[in-house]
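Below: the structure, in structure tokens.
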Amino acid sequence: MTTATISVIVPFYNEADNLPTFHDRLSRVIESLTKRYPYTWEIVYVDDGSNDNALDWLQRQQKKDRRITLVQLSRNFGKEAALSAGADLCQGDAAIFIDADLQDPPELIPQLIEPWHNKQADIVYARRLSRKGESWLKKVSAALFYKVLGRLTHITIPPNTGDFRLMSRETLDQLNKLREHHRFMKGLFAWVGYRQKEVLYHREARHLGRSKWNYRALWRLSLEGITSFSTMPLTLATYLGLIAVIGALIYAALIIYQTLMYGTDVPGYPSLMVTILFMGGAQMLTIGILGAYIGRIFNEVKQRPLYLVKTHQRATQKMTKKKP
Ligand code: UDP
Ligand code: MG
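Per this note's numbering, residue 9 is the first one in the sequence shown, and the count goes up by one each step.
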């Protein structure tokens, strides 16, 4: 008899301190689930070019635990690429994406599986009710970002949702078709569509170590999100130009009127300065926006692979057969 396999995909970068605890908690959850569901499990660890000894530890672990698949990328490609590598190489009939730093509690996995198991949803994502261990500035800027993004794009990206989710094989295959280089995963997940269901949870603080996201990285991610899913900023130039032209016309009319009524006046230097600065600024801004999009086009046309796999050791456990 064949049973379905669930792949748990864990991208990690320098998480040697967290991995033992993570693996322990995940294993315990899987243990309890094998009692309830007939699924076979695969745990895909994607090493995103770590330079600590996490891979050694995992390789030792793999000898004991036949569910472990190890994928080692050739360097650090970033979490999005690592996730994509896991999504491409996993064998499951469903895949669960989860962070290695225990911010996504493995104990939530049963809730992610249930709607999929009952055939009520194709994608089950975890939405954060709270974020522990994050500054108010990060929370406020995140809220603002989701608001702006919601306005600018046509797809609805659920707020406070990360990569922590379950995807059915069908939706995963669709996701894997999207090979764009600038990968704003939250957007891609939403773009795929299908029946999506949310599960609420309280996001925990990082177990050990520091987040790889500083404000600069978050700013870049926000730009990625907007430029990958909206061309609205490109039309900004049109509106700015229109406003400037209308303003200039009104101003010209005013000057003509003044000249006719009160005779010639020495034209004002300040108004000239303001006009020049405004026009110059508007032009620089819009050229900058154009540049942002052209840069992205440049990166896409190169069509480089999203990541390079250095080693790939598959789980030794049979995936499609039920264990006796
Ligand atoms: N990560 C990765 N590659 C990177 C950066 C991060 O695979 O270049 C992994 C990291 O090890 C963790 C997850 O992605 O498992 C989330 O990273 P992090 O905790 O730094 O992000 P945050 O939780 O702050 O969003
Ligand atoms: Mg984290």
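Note that CB positions come from ideal geometry on N, CA and C, so glycine has one too.
Any non-hydrogen atom of the ligand UDP within 7 Å of Ser-138 CB: The nearest non-hydrogen atom of the ligand UDP is 7 Å or more from the C-beta of Ser-138.
Whether Ala-134 touches Arg-173 by CB criterion (8 Å): Contact flag set, yes.
7 Å CB neighbourhood of Asp-171 in its chain, flanking five on each side removed: Leu-91, Phe-105 and Met-193
Simplified DSSP assignment, three categories, for Gln-321: strand
The ligand UDP heavy atom lying under 7 Å from the CB of Glu-23: yes
C-alpha gap between Trp-143 and Ala-151, whole angstroms: The amino acid occupying residue 143 in the given sequence is Ser; Trp does not appear at that position. Going by the C-alpha atoms only, they are around 13 Å apart.
Ala-260, enclosing alpha helix (DSSP H) - first and last residue: It spans 240-270 - the alpha helix (DSSP H) in which Ala-260 sits, taken as one unbroken run.
Of the residues Val-156, Pro-19, Lys-318 and Leu-27, the one placed nearest His-215, counting alpha carbons only: The shortest C-alpha separation from His-215 is found at Leu-27.
Three-pair Cβ contact test at 8 Å for the region 50-57 versus the region 67-83: yes
Reference Phe-286, options Leu-250, Met-269 and Ile-264, closest by Cα: Just measuring C-alpha positions, the residue of Leu-250, Met-269 and Ile-264 sitting nearest Phe-286 is Leu-250.
The region 239-246 touching the region 190-207, judged by at least three CB pairs closer than 8 Å: The region 239-246, when compared against the region 190-207, does not touch it at the 8 Å Cβ threshold.
Given 8 Å, three or more beta-carbon pairs between the region 294-311 and the region 57-68: no
8 Å Cβ cutoff met for Ala-290 and Leu-231: Contact annotation: Ala-290 and Leu-231 have beta-carbon atoms that are not nearer than 8 Å.
Under 7 Å, CB to nearest heavy atom of the ligand MG: contacting residues: The filter returns Asp-107, Asp-109, Gln-111, Arg-214 and Ser-219, in chain order.
Coil, strand or helix - Gly-288 by DSSP: helix
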